[in-house]
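Asks:
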Amino acid sequence: MDYDVFEALFEQEWGSLTEEQKRRFRAVDALYRDWNSKINVISRKDMDGIYAHHVLHSLGIALYLLNRRPEVLEKWKAGGVKVLDLGTGGGFPGIPLAILFPKVKFTLCDSIAKKITVASSVASALGLENVECVNARAESLPGKYDWVVSRAVTSLDNFLPWVKGRYSEGILYLKGGDVNEEIANAMMKFRLPAGSVSTWRLDNVVGDTWYEGKLVLEVARF
């Protein structure tokens, strides 16, 4: 999937992007190719899948809000929202979301310094003034966020303790495969009430076979 195919697919579900958003999304490919030649943050075999498997996948969170949580989407569009991307790696899902939501303040956090170097440099090259990149563990972060986003950095029962008490609204977590047992284990371990975790299939709106079984999980505050 090249940039033009990505743009057409995303706009089909989302609506028009601004010219600035298009410019930034188009620039992502060259920036990551350059950095990936120095620091491997994306599988080199998958660089040609940057839009299909990384940018569009990250924006699955936005598509979830559009389809399932329109009231939250309006708040993100209006601004004044703080989002933590924990375990961002080279900047996913945070950087694509920051391009799409320029009024949202994103903190991209990873414990591996070289990955944060890439994310910070890409965000700077794109001119994303709504992004802060931090080399730290979640436990050491000061302050509180409205939302936490992440892209399957670990199992849900491992992830939840890292962010407990650090957000006021919820977690939006990109996962894949059969997550029923994982969700059940987390709900039992943390005594979450029924309905605390909801799932939404990305292949509801993205026809690419790569998205079969790919999910957005929303976890309510606990």
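Under the working numbering, the sequence shown has 1230 at position 1, and the numbering climbs by one with no breaks.
Where a beta carbon is used, it is the ideal one built from N, C-alpha and C, also for glycine.
#1: Within the same chain, show all residues whose beta-carbon is closer than 6 angstroms to that of Ser-1384, passing over the 5 residues directly before and after it, in chain order.
#2: Just to confirm the assignment: which complete beta strand (DSSP E) runs, minimum length 3, are found wholly within the region 1348-1375?
#3: State the DSSP-derived secondary structure class of Ile-1345, mapped to helix, strand or coil.
#4: Where do the ends of the alpha helix (DSSP H) carrying Val-1234 lie?
#5: Checking the sheet assignment: what are the DSSP bridge partners for Asp-1258?
#6: Counting pairs of beta carbons, one from the region 1351-1359 and one from the region 1253-1268, are three or more of them closer than 8 angstroms?
#7: With H, G and I counted as helix, E and B as strand and the rest as coil, what does DSSP make of Leu-1285?
#8: I'd like the list of long-range same chain contacts for Leu-1288, defined as Cβ closer than 6 angstroms, with 5 residues on each side in sequence excluded.
#9: Is it buried or exposed, Ser-1379, if we count other Cβ atoms within 10 angstroms and call 16 or more buried?
#10: Using a Cβ-Cβ cut-off of 6 angstroms (strictly less than) and excluding sequence neighbours within five positions of Ile-1345, which residues of its own chain qualify?
#11: Classify Ala-1327: buried if its beta carbon has 16 or more other beta carbons within 10 angstroms, exposed otherwise.
#12: Assign Thr-1247 to buried or exposed, taking buried as 16 or more other Cβ atoms, counted over all protein chains shown, within 10 Å of its Cβ.
#13: What did DSSP end up calling Thr-1317 once you bin it into helix, strand or coil?
#14: Considering only C-alpha positions, which residue in the set Gly-1244, Gly-1356, Lys-1393 and Thr-1438 is nearest to Met-1230?
#15: The beta strand (DSSP E) spanning Glu-1447 covers which residue range?
#16: What is the DSSP secondary structure of Asp-1437, reduced to helix, strand or coil?
#17: What are the start and end residues of the alpha helix (DSSP H) that includes Asn-1386?
#18: For Lys-1334, does the three-state DSSP call read helix, strand or coil?
#19: Does any residue of chain D bring its CB to less than 8 angstroms from the CB of Leu-1295?
#20: For Val-1347, collect the residues of the same chain with a Cβ closer than 6 angstroms to its Cβ; drop the 5 residues on either side in sequence, then sort them by chain order.
Replies: Judging by the given coordinates:
#1: As a first step, residue 1384 is located in the sequence shown; it is residue number 155 there, counting from the start. For Ser-1384, where only same-chain residues beyond five positions count, the Cβ hits under 6 angstroms are Glu-1411.
#2: 1360-1364
#3: If you number the sequence shown from 1, residue 1345 lands on position 116. Look at Ile-1345 here: in three-state DSSP terms it is helix.
#4: For the purposes of this step, residue 1234 is taken as the residue at position 5 of the sequence shown. From DSSP, the alpha helix (DSSP H) with Val-1234 extends over 1232-1243.
#5: Locating residue 1258 in the sequence shown gives position 29, where the first residue counts as 1. Its beta-bridge partners do not exist; DSSP assigns none.
#6: yes
#7: Position 56 of the sequence shown holds residue 1285. Correct three-state label for Leu-1285: helix.
#8: As a first step, residue 1288 is located in the sequence shown; it is residue number 59 there, counting from the start. Only Pro-1325 meet the Cβ criterion.
#9: Reading the sequence shown from its first residue, position 150 is the one you call residue 1379. Answer is buried; the Cβ neighbour count reaches 16.
#10: Start at 1 with the first residue of the sequence shown, and residue 1345 comes out as number 116. Same-chain partners within the cutoff: Asp-1339, Cys-1362 and Asn-1364.
#11: What you label residue 1327 is simply residue 98 of the sequence shown in a count that begins at 1. Ala-1327 is buried by the Cβ-count criterion.
#12: Taking the first residue of the sequence shown as position 1, residue 1247 is located at position 18. Exposed, by the Cβ-count rule.
#13: Your numbering for residue 1317 matches position 88 in the sequence shown. Three-state DSSP puts Thr-1317 in coil, outside helix and strand.
#14: Against the sequence shown, residue 1230 aligns to sequence position 1. Among Gly-1244, Gly-1356, Lys-1393 and Thr-1438, the Cα nearest to that of Met-1230 is on Thr-1438.
#15: Walking along the sequence shown from the start, residue 1447 turns up at place 218. For Glu-1447, the uninterrupted beta strand (DSSP E) run begins and ends at 1443-1449, by DSSP.
#16: Taking the sequence shown and counting its residues from 1, the one referred to as residue 1437 is at position 208. Reduced to three states, the DSSP call for Asp-1437 is coil.
#17: Position 157 of the sequence shown, counted from the first residue, corresponds to residue 1386. At residue 1386 the sequence reads Asp, which differs from the Asn that was named. Start and end: 1385-1392.
#18: Counting from one through the sequence shown, the residue named residue 1334 turns up at place 105. Lys-1334: strand per DSSP, three-state reduction.
#19: Within the model displayed, chain D is absent; a lone protein chain is all it includes.
#20: Position 118 of the sequence shown holds residue 1347. So the qualifying residues of the chain are Trp-1264, Ile-1268, Val-1270 and Gly-1319.
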